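Have a look at the structure below, then the notes.
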Amino acid sequence: MAERVYPSSKPNQSTQPLNGTTTSTTNNNTNLNFPPTKSQLYRPQYRPQGGTQPRPQQRHRSRRSCRRFCCCCFLWITLFLIALGLLAAIIGTAFYLLYQPHKPTFQITSFKVAQFNITTSSKDSTITHLNSKFNLTLIAKNPNKKVTFYYNPISVLVVSNGVNIGSGSINGFVLKTQNRTSLKSLIASNGDELDLDDASKLKTDLKKSKTGLLMDVVFETKVKLKIGNMKTKRFGIRVKCVGIEGVVPIGKTVKESNGVGAKCKVKLRIKVWKWYL
Numbered sequence: 001m002a003e004r005v006y007p008s009s010k011p012n013q014s015t016q017p018l019n020g021t022t023t024s025t026t027n028n029n030t031n032l033n034f035p036p037t038k039s040q041l042y043r044p045q046y047r048p049q050g051g052t053q054p055r056p057q058q059r060h061r062s063r064r065s066c067r068r069f070c071c072c073c074f075l076w077i078t079l080f081l082i083a084l085g086l087l088a089a090i091i092g093t094a095f096y097l098l099y100q101p102h103k104p105t106f107q108i109t110s111f112k113v114a115q116f117n118i119t120t121s122s123k124d125s126t127i128t129h130l131n132s133k134f135n136l137t138l139i140a141k142n143p144n145k146k147v148t149f150y151y152n153p154i155s156v157l158v159v160s161n162g163v164n165i166g167s168g169s170i171n172g173f174v175l176k177t178q179n180r181t182s183l184k185s186l187i188a189s190n191g192d193e194l195d196l197d198d199a200s201k202l203k204t205d206l207k208k209s210k211t212g213l214l215m216d217v218v219f220e221t222k223v224k225l226k227i228g229n230m231k232t233k234r235f236g237i238r239v240k241c242v243g244i245e246g247v248v249p250i251g252k253t254v255k256e257s258n259g260v261g262a263k264c265k266v267k268l269r270i271k272v273w274k275w276y277l
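The numbers in the UniProt record's numbering rise by one with no breaks, and the one at position 95 of the sequence shown is 95.
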C-alpha cells in the first residue's frame, strides 16, 4: 500500500520586516535583518613612564636571587671567621708549646719610711703640705728560658688610702733569660699641697695606727719582648704591691716596714686599637 502524506498542522508563515517589505522564506535559507552594531571605542593600555614594569614572576625571581646571594655571603664570612679563629688558636698553641712564655715577677725586699711630715701653713690653716721620703728595693725576675725583657724607665707611686704620698722613678734596664736584678729607688714628696679631705684621711690613719700607715706601691712602664730572633712592639705593664705597713720614723730612727717580701701583682696592658687588654 502506498503511504499517505499528511500536511503540516501549522502552515508556513511569512515574516514582515519593519520597513514594510516582504521576504519569502524557504526551508533551507532564511534572511534576517539585525539592528546595526554600535561602534566600539579603542582605549590604549596604560603604561607607566620610566620603562616597563616587571612582571610578578620576575620580581619573585629577583628577590629569591638576592636572598640566595645574601645567604651565601653570610655563610662564607662565617666559615672564614671560624677558619681564622682555628688558625689563630693553632698558632697560639704552637707558640706556647715552643717558647712557654711566663710573666715576669716582682718583689719588694726593702721599704723604709725615712721622712713623713704633715704641716699646716701658719698663715692659712686650710693649706696643708706633705714632706715624705721612702727608700725602696725591688727585685725583678725573668723565669723564661727564651724570652728577654727590655724595660723603659719605670714610674713609681706610693699611695695610702687613695692619697698619693710620694713619687719616684727607676731607670730602664734589660732583663735577660732566667735572670734577676735588684732595683733601688728614692720616692719623695717635697712639700706637695694636700686637699683638706686627703690631709684629714692621713691624720686620722696616723692616729688609729701607732706604728704607721698602710701603703700600696704601684709601678708602671712599657716593655718590649725578644723571643728568639723576633722582637715585639712595646706594651704597657703595671705592677702593684699592696699591704705594706710603712713605719713612720720617730726622731731619727728609721725602721723596716712590715709586709715586705710578698710578691706583687703583674698586669700586662696590651693595647688593641683603642682598648687595653
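Note that CB positions come from ideal geometry on N, CA and C, so glycine has one too.
Quick caveat: nothing in here was measured; it's all calculated off a predicted structure.
- For ALA140, the pairing in a beta bridge is given by DSSP as PHE106, THR181.
- Nearest to GLY212 by alpha-carbon distance, out of GLY172, SER160, LEU138, is SER160.
- Counting along the chain, SER200 sits inside no beta strand (DSSP E); it lies in the alpha helix (DSSP H) bounded by residues 196-208.
- Taking the C-beta atoms as reference points, ILE165 is found no nearer than 7 angstroms to SER185.
- For the pair VAL217 and LEU75, the Cα-to-Cα distance works out to about 52 angstroms.
- Here the alpha carbon of CYS264 sits roughly 10 angstroms from the alpha carbon of PRO104.
- Taking a 10 Å sphere around the C-beta of ASN190, we find fewer than 16 other C-beta atoms and assign the residue as exposed.
- Look at the beta carbons and you see the stretch 134-154 touching the stretch 86-102: at least three pairs across the two are nearer than 8 angstroms.
- Membership of CYS241 in the beta strand (DSSP E) is indicated by the continuous run 235-247.
- Looking only at GLY261, ARG269, SER257, LYS267, the smallest Cα-Cα distance to ALA114 is reached by SER257.
- Here the C-alpha atom of LYS176 lies approximately 29 angstroms from the C-alpha atom of GLY243.
- Taken in chain order, the complete alpha helix (DSSP H) segments of 4 or more residues contained in the stretch 142-169 number zero; there are none.
- Following the DSSP letters along the chain, one finds VAL223 inside the beta strand (DSSP E) bounded by residues 212-227.
- For the pair of segments examined, the stretch 117-134 was found to touch the stretch 189-206: the number of CB pairs separated by less than 8 angstroms reaches three.
- Taking the C-beta atoms as reference points, ILE139 is found nearer than 7 angstroms to GLN107.
- Rounded to the nearest angstrom, the Cβ distance from LYS203 to ILE118 is 6 angstroms, consistent with a contact under 8 angstroms.
- Apart from the 5 residues on each side of it in sequence, SER121 sits with its Cβ closer than 6 angstroms to the Cβ of ILE127 in its chain, given in chain order.
- Beta-carbon to beta-carbon, VAL239 and PHE219 are separated by about 4 angstroms, close enough to satisfy the 8 angstroms threshold.
- Within the DSSP bridge table, the entry for THR253 names ILE250 as partners.
- Judged by DSSP in its simplified three-state form, THR78 adopts helix.
- Taking the Cα of ARG269 as reference, the smallest distance to any Cα among CYS241, GLY85, ARG67, VAL223 is reached at VAL223.
- In the structure shown, ILE90 adopts helical secondary structure according to DSSP, grouped into three states.
- Around the beta carbon of TYR151, 16 or more other beta carbons sit within 10 angstroms, so the residue counts as buried.
- In the DSSP assignment, LYS267 falls within the unbroken beta strand (DSSP E) covering 265-269.
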